[in-house]
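In what follows, a single structure is set out as structure tokens and then discussed.
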Amino acid sequence: MTSVAIFVLLILAVTILFGIPGRSSWPRGGRFGGPSPRGPGLEAVASAGRHGQGLADVPLLLELLAAALDAGLPIPWALRLVAGVASEPIREALDKVVAGLQMGASWEHAWEGAGGVRQAEQIQEALSFAALTGAPAAPLLFAEARQRRRQQQRDAEKRAAALGVKLVVPLGLCSLPAFVCLGIVPVVVAMVPSL
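Residues in the sequence shown are numbered from 1 upward in steps of one, following full-length UniProt numbering.
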């Protein structure tokens, strides 16, 4: 029940983020075999990427994928759902992967079509173990998303620390004229005897 609640919350968050009214381009006719998922939440998420620039944040895409898998969707549907909200290059790469899986290609061969898109390769790395071994994918994807977020935070902290060092010279050059005008010039003027 918790996983369904998380999935619904993620759907609502993406819907609010993109502000999507209207209809969806989600396939109606069971594109991957069987009936297609229904409901306004799935349709909104599936059409989100087509109404804006889409998501390129890998941890968020991994969490969406994990929530979809945790809610019971098979891997191709979950990948299709994530492709629907992803940015254009990621969407195209994941669509190729889904098409390969739909045609019956092996896991490795299906992902060959996604070559060159770094975010799609990161999604493949996170999903491969579960897809090849049959292990539950959602906990692994949630853990991978948390790890990537921690790494992004550490990288941002390193960049912020390096920024302080890089700003010393420009700030010094900006404050030096003010120091000369307000500190040195009045002293020199006061020391010069009046003419």
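A virtual CB, placed ideally from N, CA and C, is assigned to each residue, including glycine.
Item, Value
"Rounded to whole angstroms, what is the Cα-Cα separation between residue 74 and residue 137?", "11 Å"
"When the distance is taken between beta carbons, is residue 76 closer than 8 Å to residue 98?", "yes"
"Helix, strand or coil: how does DSSP classify residue 167 here?", "coil"
"Please return the same chain residues whose Cβ sits closer than 6 Å to the Cβ of residue 183, not counting the five positions on each side in sequence.", "none"
"What would DSSP say about residue 41, mapped onto helix, strand or coil?", "With a pLDDT of only 47 at residue 41, under the threshold of 50, the placement of this residue in the model should not be trusted; the figure read from the coordinates follows. Looking at residue 41 - three-state DSSP - the assignment turns out to be helix."
"Looking only at its chain, what residues have a beta carbon closer than 8 Å to the beta carbon of residue 165, apart from the 5 residues adjacent to it on each side?", "none"
"Say whether the region 161-175 touches the region 85-98, bearing in mind that this needs 3 or more beta-carbon pairs closer than 8 Å, one atom from each stretch.", "no"
"Short of 8 Å in beta carbon distance, which residues of its chain neighbour residue 56, apart from the five on each side in sequence? Order them along the chain.", "86, 87, 90 and 119"
"Answer with buried or exposed for residue 151, where buried requires no fewer than 16 other C-beta atoms within 10 angstroms of its C-beta.", "exposed"
"Measuring alpha carbon to alpha carbon, tell me which of 84, 133 and 141 ends up nearest residue 123.", "141"
"For residue 185, which residues in the same chain have their Cβ closer than 7 Å to its Cβ, ignoring the five residues on either side in sequence?", "none"
"Could you tell me whether the Cβ atoms of residue 79 and residue 61 are closer together than 8 Å?", "no"
"In chain order, what residues of the same chain lie with their CB nearer than 8 Å to the CB of residue 63, ignoring the 5 residues before and after it?", "10, 141, 142 and 145"
"Which runs of the alpha helix (DSSP H) at least 4 residues long sit entirely within the region 129-164? Give them in chain order.", "none"
"With DSSP run on the structure shown, which of helix, strand or coil describes residue 67?", "helix"
"Short of 6 Å in beta carbon distance, which residues of its chain neighbour residue 130, apart from the five on each side in sequence? Order them along the chain.", "137 and 140"
"Going by DSSP, which residues form a beta bridge with residue 55?", "86"
"By the 10 Å Cβ neighbour count, where 16 or more other Cβ atoms means buried, how is residue 82 classified, buried or exposed?", "buried"
"Near residue 65, what residues of its chain come up, given a Cβ to Cβ distance below 6 Å and the 5 sequence neighbours on each side ignored?", "78, 82 and 141"
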